[in-house]
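Enquirer:
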Amino acid sequence: MSPFMILPRSGAEAAWDPGVGAGRGGNQIEAPEENEQRCLGTELDPSPAQEKPPYNLKAFNLRISFPEEYPFKPPTVTFTTRIYHPNVDSNGRVCLPITSKENWKPFTKTCQVLEALNLLVNKPELGQPLRLELADQLTQDPELFNRRAEEFTLQFGVDRPS
1 MSPFMILPRS GAEAAWDPGV GAGRGGNQIE APEENEQRCL GTELDPSPAQ EKPPYNLKAF
61 NLRISFPEEY PFKPPTVTFT TRIYHPNVDS NGRVCLPITS KENWKPFTKT CQVLEALNLL
121 VNKPELGQPL RLELADQLTQ DPELFNRRAE EFTLQFGVDR PS
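UniProt numbering numbers the first residue of the sequence shown as 1 and each following residue consecutively.
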């Protein structure tokens, strides 16, 4: 990924803070393809010193898609890197309260969305899981869940730049 930022056409994301939720070195933003004018590619890189295993072992690629009605409708956050997490479905879609239709505010910044995502990754919300079997496993056998999440992270996660 290139270490630069592309804003959506509307320019409504001018308040982006590249340091929030980035771990080491800030978030990396990838330029959208020509037909993806309203998408950002970024990397969730939990800091090894500040976040806890198993998700701090690698980084995770994300896609943030902005609807035409943005900022009045929330963006969609999708993991493009596979992750073993109860709040992320098998297609990478995230159940993130800050981007729900009920909770979205037009003045919410992308950095706030990434910060909320970083918190959710490290502290799953078991009241609203997208993968009930993983929520049950985390509740009933946290050691097994953490072991499998670590294996998944090491297998599919993205190496951090040196």
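Each residue gets a CB set at the ideal place from its N, CA and C atoms; glycine is no exception. None of the values given here were measured: they were computed from a predicted structure.
Let me know the secondary structure DSSP gives residue 98 once reduced to three states.
Expert: Reduced to three states, the DSSP call for residue 98 is helix.
Enquirer: If contacts are defined as beta-carbon pairs under 8 Å, then residue 124 and residue 138 qualify, I think. What distance do you get, rounded to the angstrom?
Expert: The Cβ separation is near 6 Å, so the contact holds.
Enquirer: Can we say the segment 96–108 touches the segment 136–156, given the rule of at least three CB pairs closer than 8 Å?
Expert: Cβ pair count under 8 Å is below three, so no.
Enquirer: Indicate whether residue 80 and residue 61 have their beta-carbon atoms separated by less than 8 Å.
Expert: For residue 80 and residue 61, yes; Cβs fall inside 8 Å.
Enquirer: In the DSSP assignment, the alpha helix (DSSP H) including residue 118 goes from what residue to what residue?
Expert: Its alpha helix (DSSP H) spans residues 110–122.
Enquirer: Once the 5 residues before and after residue 128 are set aside, which same chain residues still bring their CB inside 6 Å of it?
Expert: Cβ within range, chain order: 95.
Enquirer: Spatial neighbours of residue 157 within its chain, please: C-beta separation below 7 Å, excluding the five flanking residues on both sides.
Expert: Taken in chain order, the residues that qualify are 57, 58, 59, 60, 81.
Enquirer: For residue 89, I'd like the list of residues in its chain whose CB is within less than 7 Å of its CB, leaving aside the five on either flank, ordered along the chain.
Expert: Contacts found: 130, 131.
Enquirer: How big is the Cα-Cα spacing for residue 117 and residue 52?
Expert: Approximately 15 Å, taken between the alpha carbons.
Enquirer: Between 73, 84, 63, which has its C-alpha nearest residue 122's C-alpha?
Expert: Comparing Cα-Cα distances from residue 122 to each of 73, 84, 63, the minimum goes to 84.
Enquirer: Just the C-alpha distance for residue 7 and residue 68, rounded to the nearest angstrom, thanks.
Expert: Because the pLDDT of residue 7 is 39, which lies under 50, any placement of that residue in the model is unreliable, and the question is left without a value.
Enquirer: What number of angstroms, rounded off, separates the C-alpha of residue 64 from the C-alpha of residue 148?
Expert: The alpha-carbon atoms of residue 64 and residue 148 are separated by roughly 26 Å.
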